[in-house]
Structures are given as structure tokens and as C-alpha cells.
Amino acid sequence: MTRQSSSSSSPDEHRRLRSTLKEKKRNIEINDAFEKLQRQLPHVPTSTRLPKIKTLRLALKYIEHLNTILSGDKQIMSDYMAAPRPLCIEDFAAVAMQEMQVSSYLLLSCSTTATGIRSA
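All residue numbers for the sequence shown refer to the UniProt record's numbering, where the first residue is 1 and numbers rise by one.
Written out as C-alpha cells, the structure is:
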């Protein structure tokens, strides 16, 4: 039994190659979208490349933060003796720093231990 040359490959091989190239293109587009999303998040250094799950968590927290600002319901104390002030975008810096320092594996471990079921 002899192998066919690459120039006369079967339709299945062509289909597989097309599928592989399509998947690579899709992965590149997804990664580009995550990079664009991360660039929209304030207080995340541009030199930092976050894991996708952290980027999604930060984006959700940022949206929640913006909704809280828009509702105007939350007041925070900036100093010990100062009067409360409205929440502002700059207050997201602490949230961003905290999320960037938390280990995704630690969170996964805690959620698995607490429920006995691995959650996404």
C-alpha cells in the first residue's frame, strides 16, 4: 500500500485542513476580542496580559461599578473624618487591583470544595 502525495490528498484531508485553518482563525479572532476588551478596562496596565477568565470577571465588575455610579445610590468615605462622597470611576482601581491579584485557581478550588461540583 502506498501513500498518496500531498498534491493528490483525499477530500477528507482537505476538509480536515480547512477545518483546522477555520479553527485557528476563530481562535485568533477570539484572542483579539479579549485584548480589545482588556484595553477598555481602566486601571489594568497595558503591559499586563490577563487570563480570559480574569478579563471577563473584571469586565463584569466594571459594568456593575458603572451601574452603581449611574444609580447614585452608593456613597463612600474617602477619609476618616471626611463626609461621604459619591462613588466614581477612579474607585474601580481597588477592585481591579484586587481581581488581578486573586488566583483563578484558588477561586476554582474554593468553588469546587464548597459545592463538591466544579462550576464554570
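Glycine included, each C-beta is placed from N, C-alpha and C at the ideal position.
Check your understanding: In chain order, what residues of the same chain lie with their CB nearer than 8 Å to the CB of T46, ignoring the 5 residues before and after it?
Key -> Excluding positions up to five away in sequence, the list reads R39.
Point to revise | Contacts around R57, its chain only, beta-carbon distance under 7 Å, and the 5 residues preceding and following it disregarded | key: Excluding positions up to five away in sequence, the list reads E99.
Practice item. Output the distance between the C-alpha atoms of L87 and L41, rounded to the nearest integer angstrom. Key: Approximately 17 Å between the Cα atoms of the pair.
**Study point:** Option in L21, T55 and G72 with minimal Cα separation from V95
**Key:** Each of L21, T55 and G72 was checked against the Cα of V95, and the nearest Cα belongs to T55.
Review point. Helix, strand or coil: how does DSSP classify P11 here?
Key: Correct three-state label for P11: helix.
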